[in-house]
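Residue numbers (UniProt numbering): 1 to 277. Read through the structure below, which is laid out as structure tokens, and then see the notes.
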Amino acid sequence: MKTILVPTDFSIPADSAIHYAVKIAVLWDASLILYHSFIPFESGFYLLSLSEKENMEAHKKLTDRLTAMKNSIVKKNPNLSISIHVDQGPEAIKIINFCKKSKVDLIVMGTKGASGLKEKLIGSFTAEVIANAPCPVLAIPNKYKFKVPKKIMYATNYTKKDKKVLQSLLEFNRLFDAKINILHIDWGITLFTADEDYEKYKKTIQNHFKDFEFTFNHTVGKDVTKTILEETLIDKTDMIVMNPIKRKGIWNRLFNRSVTKKMAYHVPIPLLTIPIK
Numbered sequence: 001m002k003t004i005l006v007p008t009d010f011s012i013p014a015d016s017a018i019h020y021a022v023k024i025a026v027l028w029d030a031s032l033i034l035y036h037s038f039i040p041f042e043s044g045f046y047l048l049s050l051s052e053k054e055n056m057e058a059h060k061k062l063t064d065r066l067t068a069m070k071n072s073i074v075k076k077n078p079n080l081s082i083s084i085h086v087d088q089g090p091e092a093i094k095i096i097n098f099c100k101k102s103k104v105d106l107i108v109m110g111t112k113g114a115s116g117l118k119e120k121l122i123g124s125f126t127a128e129v130i131a132n133a134p135c136p137v138l139a140i141p142n143k144y145k146f147k148v149p150k151k152i153m154y155a156t157n158y159t160k161k162d163k164k165v166l167q168s169l170l171e172f173n174r175l176f177d178a179k180i181n182i183l184h185i186d187w188g189i190t191l192f193t194a195d196e197d198y199e200k201y202k203k204t205i206q207n208h209f210k211d212f213e214f215t216f217n218h219t220v221g222k223d224v225t226k227t228i229l230e231e232t233l234i235d236k237t238d239m240i241v242m243n244p245i246k247r248k249g250i251w252n253r254l255f256n257r258s259v260t261k262k263m264a265y266h267v268p269i270p271l272l273t274i275p276i277k
């Protein structure tokens, strides 16, 4: 993790993400990019030259604002390498393109999360970036204060990509040295078969990663989202990790409106997603 991108819309949730990103950038000796994209002004009633002038002025104002943020951060962290970038166009699309061109290793972004969007764990914009990002995305809940994670939970459906996901997670966890618990939720319909799969999966992972001792939790719950969130409370988890698979299943259920308000309110912890091709 050498290059970290932090999109900001200058909101409080974005500030929480910046605070978190600065902390891990210092720990990892990584460079930080403060990023903002705006929709350029276009109108058939304006001369093209006037529209361009307004967009140039907007670009300068945003650049100045990001520069002020950068200077404030550098003042407290003089050894931190930090740059800024202002883009024009739909933010979710522009972020993805910028990450590919700049070979960004991690996106850290804020989300209003449970405290703002009462029916969702994270906002739709963050979910869109997560679904399409070429690199890991770390979503930070609103007003979350940075702390070194001691317990990380990887929620999985026992996929073939798990080894690669876990390898990336171990690299991410190198400086944190947190305990990692692998969680699988079974609906309880095929419990005996699931138990056999669990033992086989557990043995496969243990044999593959001989230098790290994972813990495993195979439990039953018809509401997968709610059960995941309940388990994080029981285990006092500091971070949830998932592989953003683009298909119906756990991932979609995690972000749709069925997430209960009660559980969302009580699980204000970071969510790390690790995409694997």
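Glycine included, every Cβ here is placed at the ideal spot set by N, Cα and C. All values reported here derive from a predicted model rather than from experimental measurement.
If you follow the alpha helix (DSSP H) that residue i is in, where does it begin and where does it stop?
i      : result
Ile18  : Ile12 to Trp28
Leu175 : Here Leu175 belongs to no alpha helix (DSSP H), and DSSP marks it neither H nor E.
Starting from residue i and walking both ways along the beta strand (DSSP E), at which residues does that stretch end?
i           : result
Ser102      : Run containing Ser102: none in the beta strand (DSSP E); it sits in the alpha helix (DSSP H), Glu91 to Ser102.
Ile33       : Ser31 to Phe38
Val86       : Ile82 to Gln88
residue 281 : Nothing can be reported for residue 281: it is not among the residues displayed for the chain, which extend from 1 to 277.
Ile228      : Careful: Ile228 lies outside any beta strand (DSSP E), inside the alpha helix (DSSP H) at Val224 to Asp235.
Asn217      : Thr215 to Val220
Ala139      : Val137 to Pro141
Ile152      : Lys151 to Ala155
Pro7        : Thr3 to Pro7
Val108      : Leu106 to Thr111
residue 291 : The displayed coordinates of the chain run from 1 to 277. Any statement about residue 291 would go beyond what the structure contains.
Output yes or no for whether 8 Å exceeds the beta carbon distance between residue i and residue j.
i      : j      : result
Met69  : Ala30  : no
Pro84  : Leu66  : Checking the sequence shown, residue 84 turns out to be Ile, not Pro. Yes; because the gap between Cβ atoms is below 8 Å, this pair is in contact.
Ile269 : Pro141 : yes
Tyr154 : Leu169 : yes
Ala139 : Leu271 : yes
Ser102 : Thr8   : no
Thr227 : Thr219 : yes
Ile96  : Asn55  : no
Glu91  : Ser51  : no
Ile24  : Lys143 : no
Trp187 : Lys160 : no
Lys164 : His208 : no
Lys147 : Asp238 : yes
Asp197 : Tyr158 : yes
Could you tell me if residue i is buried or exposed, where buried requires 16 or more neighbouring beta carbons within 10 angstroms of its beta carbon?
i      : result
Asn173 : buried
His184 : buried
Glu231 : buried
Leu233 : exposed
Pro149 : buried
Ile182 : buried
Ile229 : It should be pointed out that residue 229 corresponds to Leu in this sequence rather than to Ile. Looking at its Cβ environment, which holds 16 or more other Cβ atoms inside 10 Å, Leu229 is buried.
Thr273 : buried
Asp87  : buried
Leu175 : exposed
Under 8 Å by Cβ, that's how I've got residue i and residue j pegged, so tell me the actual separation to the nearest angstrom.
i      : j      : result
Ser180 : Ile152 : For the sequence presented, residue 180 should be read as Ile rather than Ser. Confirmed, Cβ separation roughly 5 Å.
Ile205 : Asn243 : Incorrect: roughly 14 Å between the Cβ atoms, too far for contact.
Ser72  : Leu32  : No, Ser72 and Leu32 are not in contact; Cβ-Cβ is about 13 Å, not under 8 Å.
Tyr35  : Phe125 : Wrong, their Cβ atoms sit about 13 Å apart, outside the cutoff.
Val108 : Val241 : Contact doesn't hold; Cβ gap of about 14 Å is too wide.
Pro134 : Lys100 : 6 Å
Ser16  : Gly89  : Ser16 to Gly89, Cβ: 25 Å. No contact.
Val22  : Asn77  : 6 Å
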